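544 is the number of the first residue of the sequence shown in the working numbering; add one for each residue after it.
Don't be surprised by glycine CBs; every beta carbon is placed ideally from N, CA and C.
No experiment lies behind these values; they were computed from the predicted model shown.
In what follows, a single structure is set out as C-alpha cells and then discussed.
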Amino acid sequence: MQTSEEDVRRLLTAIGDDPTRPGLIETPARVVKANAEIFAHTGETTFTDYKLFEVATDTDMVVADIPFYSMCEHHLLPFFGTVTVAYQPKQQVIGLSKIPRLVDWAARRPSVQEGLTTLIADELSRIVSAEGVAVHISARHMCMEMRGINRPGTTTTTQVTRGIFKTDAMLRQEFQQQVH
Ligand SMILES: [Zn+2]
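Next comes the structure, spelled out in C-alpha cells:
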C-alpha cells in the first residue's frame, strides 16, 4: 500500500493551493517517496530482526539513548525526541545495534507517544525476557507546537517500567539519573 501522487495532488487542492504551479509539480512524487520511508513499517506485530547473546547472570543494567522520529496518529504530524531504554538482563542480551532498530520498527507507523513507549517496553520484555525493563520517551509534538495549544518547545515525557524497575528503588533511581 502506498500514497499515490493523485492523493497528494488532491490534498494540495483541498488546502487551497494549485498542484500545477511550478514549485509544486514535483511535490507529489517527493511526498510519495517520503511517506514510503516515514511509514516503512513491516506490518508485523512483533519485532523479529535481532539476535540474542548469553551473558553472566550478574551483568549490569543495559541502557541506550536513541533519537527517534515518528508521526502522531491523531494529526499525522511529527513527534520526535529521545527514547531511553534500559533493562536488567537475566541471561540474555540483545545486540546493541538492534535496540535502535527496534525503536525505528516501532516508530515507523502512526502512533501516540504512550503507545510507542508501551510497544517498545513490551517488545523488549518479550525478546530479552529480562528481570526488568524501563522505557522513557521525551518528545516534542508538532501537533502541540504548530497548532492546538501552540506551545513551542514543550516536551512531553512518558515512562513504562516492568519487573524489578517497579520494585527496586535503587535501580529505578539509577534509571531516572540516566534520563535526566
Ligand atoms: Zn497529534
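- Same chain, Cβ closer than 8 Å to residue 625, neighbours up to 5 away in sequence not counted: Against the sequence shown, residue 625 aligns to sequence position 82. Closer than 8 Å at Cβ, skipping near neighbours: 608, 609, 610, 611, 680, 681, 682.
- Is residue 705 helix, strand or coil when you go by DSSP? To locate residue 705, count along the sequence shown from 1; it is residue 162. In this structure, residue 705 counts as strand in the three-state DSSP scheme.
- Item | Residue ranges of each beta strand (DSSP E) within the stretch 598–673, 3 or longer | 605–614, 621–631, 635–637
- Task: Consult DSSP for residue 556 and reduce its assignment to one of helix, strand or coil.
- Result: Counting from 1 along the sequence shown, the entry for residue 556 is found at position 13. Residue state, collapsed to three classes: helix.
- Query: Secondary structure at residue 573, three-state DSSP: helix, strand or coil?
  - Reply: Here residue 573 refers to the residue found at position 30 of the sequence shown. Helix at residue 573.
- Looking at C-alpha atoms only, which residue of 579, 633, 571 is the closest neighbour of residue 601? In the sequence shown, residue 601 corresponds to position 58, counting from 1. Residue 601 has its Cα closest to that of 633, out of 579, 633, 571.
- Message: Which residue wins for smallest C-alpha separation from residue 674, given the options 549, 616, 551, 635?
- Response: Position 131 of the sequence shown, counted from the start, is the residue given in the question as residue 674. Residue 674 has its Cα closest to that of 635, out of 549, 616, 551, 635.
- What is the rounded straight-line gap between the Cα of residue 665 and the Cα of residue 631? Indexing the sequence shown from 1 puts residue 665 at position 122. Indexing the sequence shown from 1 puts residue 631 at position 88. Near 14 Å, if we compare the C-alpha coordinates of residue 631 and residue 665.
- Nearest candidate by alpha-carbon position, reference residue 699, set 687, 548, 705: Locating residue 699 in the sequence shown gives position 156, counting from the first residue. If we check each option's Cα against that of residue 699, 687 comes out closest.
- Task: Check whether the stretch 549–567 touches the stretch 585–597, taking contact to mean three or more Cβ pairs, one atom from each stretch, closer than 8 Å.
- Result: no
- Query: Whose CA, out of 655, 594, 615, 598, lies closest to the CA of residue 640?
  - Reply: In the sequence shown, counting from the first residue as 1, residue 640 sits at position 97. Measuring from the Cα of residue 640, the nearest candidate turns out to be 594.
- May I ask you to report which of helix, strand or coil DSSP gives residue 585? The residue you call residue 585 lines up with position 42 of the sequence shown. Coil.
- Exposed unless 16 or more other CB atoms sit within 10 angstroms - verdict on residue 617: What you label residue 617 is simply residue 74 of the sequence shown in a count that begins at 1. That one is exposed.
- Task: Give the single residue among 622, 604, 672 whose Cα lies nearest to the Cα of residue 714.
- Result: Position 171 of the sequence shown holds residue 714. Residue 604 is the option with its Cα nearest to residue 714.
- Who pairs with residue 679 in a beta bridge, going by DSSP? Along the sequence shown, read from residue 1 onward, the residue named residue 679 stands at position 136. 627, 702.
- Over the uninterrupted alpha helix (DSSP H) stretch that includes residue 689, give me the two end residues. As a position in the sequence shown, residue 689 is number 146, starting the count at 1. Here residue 689 belongs to no alpha helix (DSSP H), and DSSP marks it neither H nor E.
- Item | residue 719: first and last residue of the uninterrupted alpha helix (DSSP H) it sits in | For the purposes of this step, residue 719 is identified with residue 176 of the sequence shown, where counting begins at 1. Element bounds for residue 719: 712–722.
- Query: Can you list, in chain order, the residues of its chain whose CB lies under 7 Å from that of residue 637, leaving out five sequence neighbours each side?
  - Reply: Here residue 637 corresponds to residue number 94 of the sequence shown, with the count starting at 1. Around residue 637: 593, 595, 670, 671.
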